[in-house]
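Asks: In UniProt numbering, the protein residues as written are 1 to 233. For reference, the structure I am asking about is given below.
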């Protein structure tokens, strides 16, 4: 995989089941095949129905965007840089990599990603609960992360507020009200992740040129072509 792809994996109560999306074969065409930017048609239809339902009552909903990217060993706590970039996006309220908070329910033996040799004689891990990052650097597996977004604060209903002179009033509804902005968040997540990965790849490339290592222990360095993110809706 030589690109960064993000998709909507969760809208309110509609959540993609584990392993329903094959990250090894996922394409931009699958993601852009519908307005929700969810690559699974059945779930996309449920998401559209959920968005339509809240649009009628004027009460927005949130959800999650999952992003996957390439993996190349780099330094400087990669997950921290990715978290910083994604949490800088407006309305983002959560970030997790790999098993995330779900991993807290597993033991060490259940969570560890054991190494193996695949059919092409490459070193791989049998599982990817670490989300492609171990010890602060990527391990060559797909980097799998999720970003949680809250519902938009502008709703088509009156809301209680307080004025500067400490009077409680009702704030009337005005302007545009998006029932769910998750599809628009997909290319933003892709762009932020791509910036971090390219920066880390350039640092790794420079380091390898300054401090050559045993070529038998590392694959040739190939800077990937990052595909442009999809256009906004």
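The beta-carbon is built from N, C-alpha and C at its ideal position, and this holds for glycine as well.
#1: Would residue 180 and residue 40 qualify as a contact pair, given that the criterion is a beta-carbon distance under 8 Å?
#2: Going by C-alpha to C-alpha distance, which of 77, 124, 147, 148 sits closest to residue 140?
#3: Closer than 8 Å is the cut-off here; do at least three beta carbon pairs connect the stretch 86-96 with the stretch 143-150?
#4: Can you list, in chain order, the residues of its chain with a C-beta nearer than 6 Å to that of residue 126? Leave out the 5 residues immediately preceding and following it.
#5: In its own chain, which residues sit with a C-beta less than 8 Å from the C-beta of residue 25, not counting the 5 before and 5 after it?
#6: Please state whether DSSP places residue 26 in a helix, a strand or coil.
#7: Would you grab the beta carbon distance between residue 27 and residue 183 for me? Rounded to a whole angstrom, and I think it's under 8 Å.
#8: Is residue 202 close to the ligand NAD? I mean its beta-carbon at under 7 Å from any heavy atom of the ligand.
#9: Identify whether residue 93 lies in helix, strand or coil by the three-state DSSP scheme.
#10: In whole angstroms, what is the alpha-carbon distance linking residue 193 and residue 154?
Replies: So, from the data block:
#1: Contact check for residue 180 against residue 40 fails: the beta carbons are separated by 8 Å or more.
#2: Checked all of 77, 124, 147, 148; the closest Cα to residue 140 is 124.
#3: Short answer: they touch.
#4: Closer than 6 Å at Cβ, skipping near neighbours: 114, 116.
#5: Excluding positions up to five away in sequence, the list is empty.
#6: It is coil, neither helix nor strand.
#7: Actually they are not in contact, since the Cβ atoms of residue 27 and residue 183 sit about 17 Å apart, beyond 8 Å.
#8: For the structure depicted, the ligand NAD is absent and the ligand set is empty, with no information on it obtainable.
#9: Three-state DSSP puts residue 93 in a strand.
#10: Rounded to whole angstroms, residue 193 and residue 154 show a C-alpha spacing of 27 Å.
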